[in-house]
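Be aware that the sequence shown starts at 11, since it is given in my numbering, and climbs by one per residue. Glycine is no exception: its CB is placed at the ideal position from the N, C-alpha and C atoms. Heads up, the thing below is written out as structure tokens.
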Amino acid sequence: MNNLKNTPIYSALKICSAIALSCAFLSPSALAGHSASAGVSVSSTAPTHHNTDRIIIKYKNTSPLSTATTLSATTLNQMSQVAGTKLHHLHHMANGAQVLQLDGHKNAAQISQIISALQTDSNVEYAEPDLILQALFTPNDSRYNEQWQYFEAAGGLNLPLAWDITQGQGSVVAVLDTGYRPHQDLAANIIAGYDMISSTTIAQDGDGRDADASDPGDWAPADACATGSAASNSSWHGTHVAGSIAAVTNNNTGVAGVAFNAKILPIRVLGRCGGFTSDIADAIIWAAGGNVSGVPNNPNPADVINLSLGGTGNCATTTQSAINTARNLGATIVVAAGNANTNASSSTPANCQGVVTVAATNRNGGKASYSNFGNVVDVAAPGGSARTGIAGAILSTLNSGTRAPANDSYRFYQGTSMATPHVAGAAALLYAVNPAITPTEVESILKSTARTFPATCNQCGSGIVDALAAVNAAGGTSTNPTPPPAAPPSAPPSDNTLQNAIALTELNATRSTDLNFTIEVPAGANRLNFQISGGLGDADLYVRLGSAPTTRAYDCRPYINGSNENCPINNAQPGTYHVMLRAYADFSGVSLLASFNENTAPPANP
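Here it is in structure tokens:
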């Protein structure tokens, strides 16, 4: 997710890795890769930023400091002596961690030394840099006939028929981004959110955290985000993302949203030059209905959380903890893969566990040139490409102001930031037809019902999200469906027999132990697929026809990190398929799904 490109390419976030001794710090303009409104131009590579002035530290539950909401002057002085620099307490986080400000900016090597020194205290659970994340986007210039991503056969989401079943009523989607503008084509679907930015410099609205999630603009002068960084105009990125999810529809104005009867919960986490990991983590927890110190409770917990943001590095412990909390509260987290045309395993939070990571496709259904890829990618969705003209990008709501807000407008952007809200909107449709659905089930359905890529898109996940197929799989049957009753988490049946397209959830195993299953596949079946997803830890998937697989004998074994693996079986044969989940490391909360299409002949004509 570094070197994010915008055409506007709005993709995800930009994170700085102190461990890697570099901190990619991109402004929205630096994220732009191509400008479709004036031909196609490519910006220079964004400068890197090597400094940060904040760290996150969390004490073990056995320490008295684990429950402290602030730190005393004595404690801070002792910590400062250990760290070799003056430390100032900023605020307490929802997960119990403390955010500390250093006495001035330090480079990555200095930050690493400070963290190592603090971790010599046996009471410290972890310490890590409070990194800056930034919007990944692609701005372009500018209604429903221009929104090819909804209805075209090659690159579209198959939305029109899904809308005959649901339009997202009752669902809430949190957009963690630059905030929102009260656009005439969006405002009716906005509910009260929050500004979670703690830094007044980044916020640019004159105050810290408050209940005003509106976007004052994220423009930046030259050298503001990094030495040598160019000046940039306000991106209004959050407004564009929100419009893709839930722009007001059937109002004879502008554009349509994927889940246009859902509500948008705007949470401002990105401002000038991006946003801090600590603010984003607190926002994830608050969005899902969790408690954040000093912030009023969220009366409208989100079903879906959209993170069209990212950066480079490993998944931060702070971020993973927030994601785990949100999932436990029932929220599905959808994340942009990034715009660097590189493996998303090095992009965060795309590489975190328990998220739906989204790659971007172009109008032909192939990989968008800028999109990240790799085994951490779950699905793909239209992110657009202006290489063949502006009409190939994604049109949504915007504002015409270059710095401060001005007039409502529309504009074409491209990026994984544009692909992500399409998937978040599709997830909102699933919650609308089945409010009891779980994050694991949402991810499983989106992946298992995704359609095959019509053009080349290597390592872009299981396919392009198919809204109609996903809604049907979630239980949608009518324009006003009655949600199915909530069911307890499923467990392996006593005979460990799988059923077609029915996921087994909450699977657990300890290291080096196995879980074994079978499924009967009839003659004529096609599109046979086995997949595991969600949860924590590392489960490995093995599949074999006719007899139980071993670590040496199998028909399919993805063998990748984590517990998100896929085994498509070409030319499926009738018979008993055996499945083994082997715990490379302890795993929990994993889902297993086997699915196939039955080739039943149509009835004879009368």
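In this structure, the straight-line span from the alpha carbon of A391 to that of N324 is close to 24 Å.
By the criterion of a C-beta distance shorter than 6 Å, R567 is surrounded in its chain by Y552, once the five residues flanking it on both sides are discounted. Nearest C-alpha to G411 among S244, L319 and T371: S244.
Taking G304 as reference, the option from T367, T426 and D220 with the minimal CA-CA separation is D220. Beyond the five residues adjoining it in sequence on each side, A484 comes within less than 7 Å, by CB distance, of L440, V443, N444, I447 and I455 in the same chain, given in chain order.
Rounded to the nearest angstrom, the gap between the Cα atoms of A511 and S601 is 12 Å. Inter-residue distance for F383 and A369 is about 6 Å (C-alpha atoms, whole angstroms). Of the residues assessed, T520 falls on the exposed side of the cut-off, its CB having fewer than 16 other CB atoms within 10 angstroms.
Along the length of the stretch 220-290, whole beta strand (DSSP E) runs at least 3 residues long occupy 273-278, reported in chain order. Closest in alpha carbon position to V251, among W229, L317 and D215, is L317. By the Cβ criterion, the stretch 158-178 is not in contact with the stretch 323-339, since fewer than three pairs of Cβ atoms, one from each stretch, lie closer than 8 Å.
Spanning the alpha carbons of Q129 and A137 requires a straight line of approximately 7 Å. Counting C-beta pairs closer than 8 Å gives three or more between the stretch 279-294 and the stretch 98-109, which meets the contact rule. Selection L517, D565 and A533 evaluated against G544 yields L517 as nearest (Cα-Cα). In this model, D205 and G238 are separated by some 29 Å (Cα to Cα).
The Cβ atoms of M428 and S458 do not sit closer than 9 Å to each other. As the crow flies, the alpha-carbon of D215 is around 15 Å from that of D187. Residue state for H432 is assigned as helix, using DSSP reduced to three classes.
DSSP places T188 in the coil class of the three-state scheme, outside both helix and strand. Taking all protein chains shown into account, P139 has 16 or more neighbouring C-beta atoms within 10 Å of its C-beta and is therefore buried.
Residue pairing by DSSP puts H98 in a beta bridge opposite Q111. The C-beta distance from G264 to S254 rounds to 12 Å, too long to fall under 8 Å, and the pair is not in contact. Nearest in C-alpha terms to I200, of all of Q541, D222 and V589, is D222. Minimum Cα-Cα distance from M89 among the listed residues I124, A78 and H115 corresponds to I124.
Fewer than three beta-carbon pairs drawn from the stretch 416-426 and the stretch 335-342 are found closer than 8 Å, and the two stretches are therefore not classed as touching.
Counting the other CB atoms within 10 Å of its CB gives G376 a total of 16 or more, which places it among the buried residues. With respect to A236, A256 sits apart: the two C-beta atoms are not nearer than 9 Å.
Residue environment for S522: exposed (fewer than 16 other C-beta atoms within 10 angstroms of its C-beta). For L603, the enclosing beta strand (DSSP E) has its first and last residue at G585 to N607. In the DSSP assignment, F540 falls within the unbroken beta strand (DSSP E) covering N536 to S543. Out of S573, I400, I404 and V386, the CA that lies nearest to the CA of G393 is found in I404.
Rounded to the nearest whole angstrom, the C-alpha separation of N372 and G165 is 7 Å. The criterion of a C-beta distance shorter than 9 Å is satisfied by V389 and G473.
Bridge partners of K377 according to DSSP: T371. By the neighbour-count definition (other C-beta atoms within 10 Å, threshold 16), R153 is an exposed residue. Counting only residues of its own chain and dropping the five nearest sequence neighbours on each side, G402 has a CB closer than 7 Å to the CB of N372, R373, G394, S395 and A396.
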